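Asker:
Numbering (this note's numbering), first residue to last: 2 to 336.
(1) Let me confirm a value: residue 261 is counted as buried when at least 16 other C-beta atoms fall within 10 Å, else exposed. Which label applies?
(2) Is it buried or exposed for residue 172, if we count other Cβ within 10 angstroms and need 16 for buried?
(3) At what residues does the alpha helix (DSSP H) containing residue 209 begin and finish?
(4) On a CA-only basis, which of 16, 57 and 149 is nearest residue 300? Give me that one, please.
(5) Mind the definition here: the stretch 31-50 touches the stretch 170-184 only if three or more C-beta pairs lie below 8 Å; say whether that holds.
(6) Does the stretch 93-108 come close enough to the stretch 119-138 that 3 or more CB-CB pairs lie under 8 Å?
(7) DSSP state of residue 277, grouped into three classes?
(8) Ordered along the chain, which non-local residues of its own chain (more than five positions away) have a Cβ less than 8 Å from that of residue 52?
(9) Please identify the residue among 115, 216, 224 and 304 whose C-alpha is closest to the C-alpha of residue 18.
(10) Which residues share a DSSP beta bridge with residue 301?
(11) Here's the rule I'm using: 16 or more other beta-carbon atoms within 10 Å means buried, otherwise exposed. How should residue 298 be labelled?
(12) Give every residue of the same chain whose Cβ lies closer than 7 Å to the Cβ of residue 307, excluding the five residues on either side of it in the sequence, and list them in chain order.
(13) State the Cα-Cα distance for the pair residue 139 and residue 203, rounded to the nearest angstrom.
(14) Terminal residues of the continuous beta strand (DSSP E) containing residue 67?
(15) Could you spell out the range, first to last residue, of the alpha helix (DSSP H) harbouring residue 110?
(16) Can you list, in chain order, the residues of its chain whose CB lies under 8 Å from that of residue 115, leaving out five sequence neighbours each side?
(17) Look at residue 141 and residue 328 and say whether their C-beta atoms are less than 8 Å apart.
(18) Have a look at residue 319 and residue 56 and give me their C-alpha separation to the nearest angstrom.
(19) Is the beta carbon of residue 214 sitting closer than 8 Å to the one on residue 309?
(20) Would you decide whether residue 211 is buried or exposed? Buried here means 16 or more other CB atoms lie within 10 Å of its CB.
(21) Could you check if residue 246 is buried or exposed, using at least 16 other CB atoms within 10 Å of its CB as the buried criterion?
(22) Hey, out of 223, 274 and 46, whose CA is closest to residue 112's CA?
(23) So the alpha helix (DSSP H) residue 11 belongs to, where does it begin and stop?
(24) Does the beta-carbon of residue 23 have 16 or more other beta-carbons within 10 angstroms, so that it is buried, or is it exposed?
(25) Residue 287 by DSSP, collapsed to three states: which one?
(26) In or out: residue 235 buried (at least 16 other Cβ within 10 Å) or exposed?
(27) May I ask you to list the residues that DSSP assigns as paired with residue 34?
(28) Report the CB separation of residue 108 from residue 66 in whole angstroms; it is logged as a contact under 8 Å.
(29) Which term fits residue 229, buried or exposed, when burial requires 16 or more other beta carbons within 10 angstroms of its beta carbon?
(30) If I measure Cβ to Cβ from residue 106 and keep anything under 8 Å in the same chain, skipping five residues before and after, which residues do I get?
(31) Going by the DSSP bridge assignment, what does residue 97 pair with across the sheet?
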């Protein structure tokens, strides 16, 4: 087990601005959350090779936000109450917090500090962010799993317990409805994840990887070399127009990007909380490929809420972890 302090946490958030693919929390919101935390004593992190030596009856939970990606984080002072309620209702002892995706590290840090629990050096999504609760590294590997049972906190401070649903689709429908009813993000603690599940199916050290990417960006190096995924395409462009489609439940936009600064090479970027699809005269990439936008001016990855007309961007496309290939056979989420 090792300890993260502010400097390391900041590098992790910087690196995650790349792999979050426009989703998760924006870099600004992550840093705002981080700056509000008292981390003088540090955040304990469990390495993957340490999990097997911990008591086998422990379970690990995710702590995350759900809702429009361009909404700010909500107050989470009730995290200890939520953890206590979850343990009481499930009868399980919680051993730590598993980040739900890349791009919500500050949320996991907050939950860890307020609950006194350590964080696992991995993530549920599979080294990326995902636009729906139904998408994660366990489901992509056909592992029976639901995000429920879970405890939900709304922006008004209401805490409620949701019993275990049968499917992730039921989880998604129920949680999205709460987010839409409150017209805001909600905070969720839940899932019954074992150490065996993490070691077998989620064996990727996300915090270490995003820290390395962050260090590379911070030192002005080519950060793509620190991404342990295949880089399939890279180009530069300029955002010409942004069209907002929906801002309830999901943040949906169409962004038109002139790549290589040529009028005849206009690409359309489809956003549904994340960068889901980019299509142009000569290119077509789509989720679950990682579509990332980087600003040399800001020296960080760009979230969907960062994008502005006239902005210069560097576009990098990466193939996902191998298990995401299971997605293609029965999904077409971006349409």
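For each residue, glycine too, the CB sits at the ideal point set by N, CA and C.
Given the structure is predicted, the values throughout are model-derived calculations rather than measurements.
Answerer: For this structure:
(1) The C-beta of residue 261 has fewer than 16 other C-beta atoms within 10 Å across all chains shown, which makes the residue exposed.
(2) Classification for residue 172: buried.
(3) Run containing residue 209: 207-219, per the alpha helix (DSSP H) assignment.
(4) Sorting 16, 57 and 149 by C-alpha distance to the C-alpha of residue 300 places 16 at the top.
(5) Taking 8 Å as the limit for Cβ pairs, the verdict is that the stretch 170-184 does not touch the stretch 31-50.
(6) Touching, yes.
(7) Residue state, collapsed to three classes: strand.
(8) Excluding the 5 residues flanking it on each side, residue 52 has same chain C-beta neighbours closer than 8 Å at 121, 196, 199 and 200, in chain order.
(9) Among 115, 216, 224 and 304, the Cα nearest to that of residue 18 is on 304.
(10) Assignment of beta-bridge partners to residue 301 by DSSP yields 296.
(11) Around the beta-carbon of residue 298, fewer than 16 other beta-carbon atoms lie within 10 Å, marking it exposed.
(12) Close CB contacts of residue 307 within its chain, under the 7 Å cut and outside five residues either way in sequence, are with 27 (chain order).
(13) Each residue's alpha carbon lies about 8 Å from the other.
(14) That run of the beta strand (DSSP E) goes 60-67.
(15) Note, residue 110: alpha helix (DSSP H), 106-116.
(16) Excluding its 5 nearest sequence neighbours in each direction, residue 115 has C-beta neighbours in its own chain below 8 Å: 77, 78, 80 and 81, listed in chain order.
(17) Yes. Within cutoff.
(18) Near 37 Å, if we compare the C-alpha coordinates of residue 56 and residue 319.
(19) No.
(20) It is buried - the Cβ of residue 211 has at least 16 other Cβ atoms within 10 Å.
(21) Around the beta-carbon of residue 246, fewer than 16 other beta-carbon atoms lie within 10 Å, marking it exposed.
(22) Of 223, 274 and 46, the residue nearest in Cα terms is 46.
(23) DSSP places residue 11 in the uninterrupted alpha helix (DSSP H) bounded by 7-20.
(24) Buried, since its Cβ has 16 or more Cβ neighbours within 10 Å.
(25) Residue 287 carries a strand assignment under DSSP once its states are collapsed to helix, strand and coil.
(26) By the neighbour-count criterion, in which 16 or more other beta carbons inside 10 Å mark a residue as buried, residue 235 falls on the exposed side.
(27) Looking at the DSSP assignment, residue 34 forms no beta bridge with any residue, so it has no partner.
(28) About 6 Å; that satisfies the 8 Å criterion.
(29) With fewer than 16 other Cβ atoms from the protein chains shown falling within 10 Å of its own Cβ, residue 229 counts as exposed.
(30) Once the five neighbours on either side are set aside, the close Cβ partners of residue 106 are 10, 13, 14, 17, 31, 100, 208 and 211.
(31) Per the DSSP secondary-structure output, residue 97 pairs in a beta bridge with 61.
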